[in-house]
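Just below is one structure, and these are the notes that go with it.
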Amino acid sequence: MSLPVPAPAPRDEFLGTLSLAGRKVRTLFDALLRHQGLTLSRARLLLHLSRHQGVTQTELAGVLELEPPTVVRLLDALERQGLVERRPVPGDRRSKHVLLTEASRPSLEAVERLTVIMRHHLLSDISDEDLGVTARVLERLAQTIDRLSPEALLADPLLSPARPGEGRRP
């Protein structure tokens, strides 16, 4: 007779489940956006510009957590689609303000519609109470991540191999 295998503790599976869910949401949203001639990265950039017209390419890279050359490629593609334009920053030859064009309106409306549809279908079976708890947990997780550095995590004694005669910490 075999003993029942205990279910993993929620802490053991949380980050893996969070990562999997995030990947699935991004993959689904990206697939929907492709029908609009966009990608998730381009849509994120357009949505940010819709709320913060005239930011620089450097600011976009920081906010979207992308490398500057990646932002340049995204902007090049959006510019070819006629959705954005870059204008020089007065007094700074290297900087450019990024602005939405009038032609971007239908794409932005489509992105917003798809966001509403995704939200409806993904969250319809989840109670407001559960969503509130989840949002609070994710906010705390984000705050904790902001306080941590890779160096601090790598210095954790749990990563050090146990020396002979010493037990590992729990």
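In the UniProt record's numbering, the protein residues as written are 1 to 170. C-beta atoms are modelled at their ideal positions from N, C-alpha and C, and glycine is treated no differently.
- 8 Å or more divides the Cβ of L99 from the Cβ of R80.
- Boundaries of the alpha helix (DSSP H) harbouring V25: 10 to 34, taken from the DSSP string.
- Inter-residue distance for L108 and T144 is about 33 Å (C-alpha atoms, whole angstroms).
- Every beta strand (DSSP E) of 3 residues or more that sits fully in the region 79 to 123 is shown, in chain order, as 84 to 89, 92 to 100.
- Distance from the Cα of G82 is smallest, within the candidate group D92, P106, P69, for P106.
- Between R94 and the set S104, A77, L78, V72, the nearest pair of CA atoms involves V72.
- When T70, D156, H52 are compared, the shortest CA-CA separation from S41 is found for T70.
- Within the same chain, Cβ atoms closer than 8 Å to the Cβ of Q57 are found at P68, V71, V72, L75, R86, S95, K96, V98, the five residues on either side in sequence being excluded.
- Between the alpha carbons of L33 and T115 lies a distance of about 10 Å.
- Residue state for T134 is assigned as helix, using DSSP reduced to three classes.
- The way I'd put it, the region 134 to 153 doesn't touch the region 45 to 59; fewer than three beta-carbon pairs between them come closer than 8 Å.
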